[in-house]
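Numbering (full-length UniProt numbering), first residue to last: 1 to 883.
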């Protein structure tokens, strides 16, 4: 079909942005728009808004320790181990840097070290190409606020920024520079965590029969309004070393940028303010710049993620909380006026919270502007309503997921389309995250305690929300499977390997519970889930008057109760091991190299072989053997509590090193183990699980000064390794240590295993009758059947479900125009493929010893037989076609 010549022009004009309007002036050409957007977004402030001297004397409460040395491994990691991001004006990509790193690595190391020492950011790294992109969801592109300026910077310069930003982020948390409820650019702190903390605090207010008001504000311009001298002064006031403050000032000093808009690029010119959006250092520097906001009144009620701020006020009446909120907003606006930060009243939103329906809705004042609550408030992607039902949130995100699901469904049918396995990957990657977004904060479980009687569990009243979510998921599952729409729902979930929404929500909740166990003590969610300390009992006072009130089991606390407690890891700065890889060859070659190395070991070298093992019953044990001059001088083993092989390997290495150090001070100790992941953690960054063991090992090794770690391939008949393996297996039969806590790795395994077991149990209870004889299990992984082409998979699933081109099916649904018989004259039925007389004998399957059992196997577990017969005989194409 030939299109109208004018169609291309219509499409072109429809895709072009409309004219831009800034301050009642309309700009139409691309160059004018680019210059107008530059002025509106990158030149919000001038040097007149800045302070004159950032180096005036200041009094600080502390001096923050900041490591001054930089290792080559840290430089390499910060520069190369990142995505292949867009380069700056120099056009040097990360891929190019990787290719020449063996030449430039040491030079870059010296450059970064010198920059940190003197507090300098090189001028070429401050030159940016700013690309104007539209903000997601913006409809009116004629406004400047619909565009976001993204700075494309030198990849080498971003390596330096990333190195310093990582150190700043860790030190900000470790030394308490930032407010505990600030997040964004900080390790292990997410936007959903902040919303979960906010919801927890509101629920606690509900439990005390109180009400709450939340006000959200947005700093206008955010990164683009930061001023150089004010940032330097802020860092000095917080206690950062002078070279760090100088580096931050150098990062902002004498910046220049050209603006790219559509096909036009403006000449490069200087910028007087702002942190570049797209810089790895900008998020953490902005958090430090705005840190005083969260030190104003009502410390516990302040939450912040980048430039999004929320204020929570709790009281007995909404009038009281509205007055408090207005006062806090006024304080914030006054602080912003002094510090050249503007809070846009158009983006300020208010929501009142109460256990019952609101009878009044008093306004909150932002300056002279009255802000009244809407039906729902969106903060950090989660929609909050006045009674915390989260109905609006589920509706909004379910609609987004449904839109994607319908797109996928439109791409495929029973005969054509992508492979089912590929569509399933798209569903898991694109639809499930949208459907479950924020579930950690909003999902209460199927039951919840009553507000007035916390000991009594009642239904949480979310079944109608789950049904709505299930509808979108069913559309997505139909996009995966080439099935007819009458196929039973339980069969759909089994064949797609995707559990129902209720199980997906519980799985998400379990993962969240495991994540809560991995958070550091300073995390805002940890403080809210800490168990109460037992009070000191005074025998002179009745016990009932001394026992504290049991805290209300909020959503957060109920999630926290899903898993037992474990040793809580610390938040550690990144550590980097030697650049020399532990494994340099294949398994057999590595074993041969190790045997050759054993022959050349100097006398007096203690070789520690360690290993871990897990019994079929789940008991974890460790073992170690110490060889000196070819002889076993010491061996030992033991058992852990609930743990994984990873933890047992770490414990074995630690106990082996400790035992070797107890010998007559060997000059050199080599710890050999066959677990590569554990060896890397012993050498570099400790994992969260068994963190204490890794840190103790590193401390002992550093104190000894001549301890090495060597990886050896397991099960290659290396005597020391086989000996340690046997000792570890023997260790699993020892009694479990008293009061042993489970490890984090074990809890993560439990969080992964429970949803799988729940899906299998659900399938056993709800499988359709026709599936009972097929002996098929349910799996949360990708079923192997989904690798079949869609037409073949359609016929296989039809044979399993009995929902397909069969005589009984057509008669049941009164399909009068359907063809009910095969070309052989017999009626179509699910197992007819194996009995049709028109299939040549050479293509038939042997139905022995029991025809029924053989056919059930071919339709079920051994579906390759079904596929083989159908393809070889062209059964569904020529012998038994649909029409």
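Yeah, the Cβ is synthetic: ideal placement off N, Cα and C, and Gly gets one too.
On a predicted model such as this, the values are computed, not experimentally measured, just so you know.
Is it buried or exposed for residue i, if we count other Cβ within 10 angstroms and need 16 for buried?
i, result
"residue 688", "buried"
"residue 737", "exposed"
"residue 675", "buried"
"residue 683", "buried"
"residue 632", "exposed"
"residue 203", "buried"
"residue 880", "buried"
"residue 470", "buried"
"residue 132", "buried"
"residue 433", "exposed"
"residue 813", "exposed"
"residue 242", "exposed"
"residue 60", "exposed"
"residue 506", "buried"
"residue 193", "buried"
"residue 344", "exposed"
DSSP three-state call for residue i: helix, strand or coil?
i, result
"residue 523", "coil"
"residue 243", "helix"
"residue 124", "helix"
"residue 637", "strand"
"residue 864", "helix"
"residue 272", "coil"
"residue 149", "strand"
"residue 945", "Given a span of 1 to 883 for the chain in the structure shown, any question on residue 945 remains unanswerable."
"residue 711", "strand"
"residue 143", "strand"
"residue 232", "helix"
"residue 627", "strand"
"residue 305", "strand"
"residue 24", "coil"
"residue 769", "helix"
"residue 315", "strand"
"residue 743", "coil"
"residue 182", "strand"
"residue 920", "Lying outside 1 to 883, the shown extent of the chain, residue 920 is not represented and no answer is given."
"residue 836", "coil"
"residue 92", "coil"
"residue 632", "strand"
"residue 718", "coil"
"residue 133", "strand"
"residue 852", "helix"
"residue 256", "strand"
"residue 880", "coil"
"residue 227", "coil"
Residues in its own chain within less than 6 Å of residue i by CB, not counting five upstream and five downstream?
i, result
"residue 731", "621, 622, 623, 637, 638 and 639"
"residue 629", "603"
"residue 365", "326"
"residue 12", "Legend: pLDDT at residue 12 = 44, less than 50; position of this residue unreliable, value from coordinates given subsequently. Nothing listed; no residue qualifies."
"residue 349", "216 and 377"
Could you round the C-beta distance between residue i and residue j to whole angstroms and report it? I think they count as a contact, below 8 Å.
i, j, result
"residue 115", "residue 240", "The pair is not a contact, with the Cβ atoms about 16 Å apart (cut-off 8 Å)."
"residue 70", "residue 112", "5 Å"
"residue 716", "residue 593", "The pair is not a contact, with the Cβ atoms about 11 Å apart (cut-off 8 Å)."
"residue 601", "residue 669", "At roughly 12 Å, the Cβ-Cβ gap does not stay under 8 Å, so residue 601 and residue 669 are not in contact."
"residue 352", "residue 373", "5 Å"
"residue 943", "residue 382", "Examination of residue 943 is not possible in this model, given that the chain is present from 1 through 883 alone."
"residue 618", "residue 645", "Incorrect: roughly 11 Å between the Cβ atoms, too far for contact."
"residue 563", "residue 751", "7 Å"
If you drop the 5 nearest sequence neighbours on each side, which residues of the same chain put their C-beta closer than 8 Å to that of residue i?
i, result
"residue 519", "188, 525, 526 and 568"
"residue 205", "211, 212, 314 and 353"
Once you ignore the five residues that flank residue i on each side, which residues in its own chain have a CB closer than 7 Å to its CB?
i, result
"residue 654", "693, 696 and 697"
"residue 779", "497"
"residue 775", "860 and 861"
"residue 838", "823, 824 and 879"
"residue 870", "792, 795, 833 and 876"
Considering only residues of the segment 330-412, which uninterrupted beta strand (DSSP E) runs meet the minimum length of 3 residues and lie entirely inside it, listed in chain order?
-> 349-353, 364-366, 369-371, 377-379 and 382-384
Which ranges would you report for the alpha helix (DSSP H) in the segment 776-830 if only whole runs of at least 4 residues count?
-> 790-801 and 807-812
What runs of the beta strand (DSSP E), each 3 residues or longer, lie entirely inside the segment 534-620?
-> 605-614
Write down every uninterrupted run of the beta strand (DSSP E) in the segment 416-473 whose length is 3 residues or greater and which is fully enclosed by it, in chain order.
-> 447-449 and 457-459
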